[in-house]
Ligand SMILES: Cc1cc2nc3c(=O)[nH]c(=O)nc-3n(C[C@H](O)[C@H](O)[C@H](O)COP(=O)(O)OP(=O)(O)OC[C@H]3O[C@@H](n4cnc5c(N)ncnc54)[C@H](O)[C@@H]3O)c2cc1C
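Protein chains in written order, with the numbering used here: chain A, 1 to 388; chain B, 1001 to 1259.
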């Protein structure tokens, strides 16, 4: 497969894209199918990505990152997700977990934690959702109670990507207020919690419909003590940090979704060119060819939309609404294109011998995570209602 | 230690490769160009030896302008600097001419150790290490699947069908490596950015004190006189199993000397 031809403005970018596609071709694509069947978390692949510098691309070089604009970082995520969603997703989630310290941490916190977080050896997890608070994230109940120079954290986080595998957790917990009370969002604070902290443990991973090689697990905090130096940002100012991180994170999910859609398109086109029925390759039948044309158009549109949102972010413009649009369109596209890919393959699409059915199961996740697509519409719609 | 790794840019083995109709040399524009696969292992070995013993890794490549891409990749893996010999007059050079040019470059750079892949995927002669060692008057440590050195002596495992020979020699030396020797690293993004600032010296034949008559197709001892395209794949043989399918299949394989 020739792969997506990307526009690189300079040699460095071209070399970065070449590196991503080489790693995708050599390390990811050959292993994805088997790893998904076994549901085994591929920690060693993240080690390879870390060494190659692909786990810290969008953060400033002064902080130990690659200093890349989102426009370029996201294309690397897409390339990885095209080969293996669990990996593209993992890179995006890790990037999300570094966001609070990189954007709201003090310089002491950045010096203390970021070299490790961005150095490539560590993997992070983001603990916002809880069993009883998902879309309504401000209703979280996990508590962090001050005790001298420390906070004591108690509660359960749900659906944590890399739960049980991560080296550190970026945790949102309540330092004041009640989950259902007034001003509840103003009682949430953000903490950096290394995985080895006493009182932190992960449940066995969830049995998911897809993306099984990515670990998703509950993380429990039982009287977990952290120093007040691990509080990121002001107390009670954690929720805006969580939302800002999610704005950026949604761009990563959009890139992942575009990758899944691209993989489904590649699979369908490749198959339709060589499958012969009625004496002709099935791609020659207009009924099928037009379906493929719609799929290709949708993939290109998804890519164009996340790149447009990324350019706004890179230019310092507000981009929350555009990120929500990109996440919405790209994940709905991934769902539709992967479903159509199964159709293009006929019976072969419905069995595990081809990746189409796996991609269809993977796409579903992207309509749910980092804000369901209903929530994305809410974000987009609220802006419409608010703006003049 | 002064380590020089020889790197060649070759047409991607995955793409369609052709010879030119006019002079029967390789059509280097027809296919995607990549670093010769075994050279990745040579670079890796050079970097590992440098990590263990200090010193510098210099990449030397002879090839057209666009071989600069292969050089940049080698630098982004971690090599320190490079020399690129490029000259229109070099086109069509065979192994003997290539070894003369490279020996002349190595005379300028100096070296404790020259490392190269045991063959390139385009010409597949596998003789450059021998020619270079002869021209440079140093030991030839070929087909190495393992290299150890204390800075004055070098020991390799020479890969063979029956296992390996342990071969010892004195530095400076020329070492050609086989795939088994290591697992090449990927470039890192930091390496990619750093590569932009690393020195690459570009040399012409004149810079090496050679003239056009000593290089290229005309000066080469070997030439491709004619060539034919690979015959199209013949129809397969279908063995009908009438209880003796196994024997018939074995007979077929034996007739092709597979078993
Ligand atoms: C594989 C996977 C990985 C995940 N990784 C992480 C992670 O790393 N960190 C983390 O914190 N979370 C993670 N999540 C959690 C994810 O973000 C939540 O599942 C998501 O936000 C939805 O929350 P919920 O599941 O509680 O659904 P609910 O919020 O209970 O929603 C149920 C349904 O109601 C709809 N709904 C809710 N509110 C509204 C509304 N106001 N208007 C219209 N419809 C509405 C929803 O769209 C949905 O269809 C992950 C989830 C999955 C499945």
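Where is the CB? At the ideal position from N, CA and C, for every residue including glycine.
None of the values given here were measured: they were computed from a predicted structure.
Per DSSP, the beta-bridge partners of residue 1116 of chain B are B/1176. Linking residue 215 of chain A to residue 119 of chain A through their CA atoms gives a straight-line distance of about 22 Å. At a Cβ-Cβ threshold of 7 Å, residue 77 of chain A and residue 255 of chain A count as neighbours. Per DSSP, reduced to three states, the secondary structure at residue 1162 of chain B is coil, with no helix or strand assignment. Residue environment: residue 1087 of chain B is assigned as buried (16 or more neighbouring CB atoms within 10 Å of its CB, all protein chains considered).
Residues of chain B whose Cβ lies closer than 7 Å to the Cβ of residue 53 of chain A are, in chain order, 1188, 1189, 1190. The Cβ of residue 118 of chain A sits no closer than 7 Å to any Cβ of chain B. At a cut-off of 6 Å, the beta-carbon of residue 113 of chain A does not count as near ligand 1: no heavy atom of the ligand is closer than that.
The C-beta of residue 1077 of chain B comes no closer than 7 Å to any C-beta of chain A. With fewer than 16 other beta carbons inside 10 angstroms of its own, residue 297 of chain A counts as exposed.
DSSP, read as helix, strand or coil, puts residue 209 of chain A in coil. Its chain contains 128, 172 as the residues whose beta carbon lies nearer than 6 Å to that of residue 242 of chain A, once the 5 sequence neighbours on both sides are disregarded; these appear in chain order. Relative to residue 1189 of chain B, the option among A/275, A/387, A/18, A/363 whose CA is nearest is A/18.
For ligand 1, no non-hydrogen atom lies closer than 6 Å to the CB of residue 169 of chain A.
When beta bridges are read from the DSSP output, residue 168 of chain A appears opposite A/124, A/194.
If you draw a straight line from the Cα of residue 1057 of chain B to the Cα of residue 1035 of chain B, it is about 17 Å long. Below 8 Å, enough C-beta pairs join the region 231-238 of chain A and the region 100-113 of chain A to call them touching: three or more. Between the region 1225-1238 of chain B and the region 1010-1030 of chain B there are three or more C-beta pairs closer than 8 Å, enough to call the two in contact.
The C-beta of residue 15 of chain A comes closer than 7 Å to at least one C-beta of chain B.
In this structure, the CA atom of residue 1011 of chain B is about 15 Å from the CA atom of residue 1092 of chain B.
Along the region 1082-1132 of chain B, the alpha helix (DSSP H) occurs as fully enclosed runs of 4 or more residues at 1095-1109, listed in sequence order. With fewer than three CB-CB distances shorter than 8 Å, the region 327-337 of chain A does not count as touching the region 347-355 of chain A.
Rounded to whole angstroms, the Cβ separation of residue 1089 of chain B and residue 1221 of chain B is 17 Å, and the two are not in contact under 8 Å. Under the three-state reduction of DSSP, residue 372 of chain A is assigned to coil, being neither helix nor strand. Straight-line spacing of the CA atoms in residue 1107 of chain B and residue 1084 of chain B works out to 15 Å. It is roughly 31 Å from the alpha-carbon of residue 283 of chain A to the alpha-carbon of residue 87 of chain A.
About 6 Å separates the Cβ atoms of residue 245 of chain A and residue 100 of chain A, confirming a contact at the 8 Å cut-off. Nearest C-alpha to residue 378 of chain A among A/122, A/321, A/290, A/239: A/321.
For residue 123 of chain A, the closest Cβ of chain B is not nearer than 7 Å.
Residues of chain A with a Cβ closer than 8 Å to the Cβ of residue 1072 of chain B are, in chain order, 11, 15. Around the beta carbon of residue 34 of chain A, a 10 Å sphere encloses fewer than 16 other beta carbons of the protein chains shown; the residue is thus reported as exposed. At a cut-off of 7 Å between beta carbons, residue 1193 of chain B contacts chain A. Legend: CB atoms of the region 1196-1220 of chain B lying less than 9 Å from CB atoms of chain A belong to residues 1196. Taking residue 238 of chain A as the centre and dropping the five residues before and after it, the same chain places the C-beta of 172, 188, 189, 190 closer than 6 Å to its C-beta, in chain order. Cβ contact annotation for residue 1127 of chain B (same chain, cutoff 6 Å, sequence separation greater than five): 1095, in chain order. The beta carbon of residue 1195 of chain B lies closer than 7 Å to those of 1072, 1075, 1076 in the same chain, with the five residues before and after it left out.
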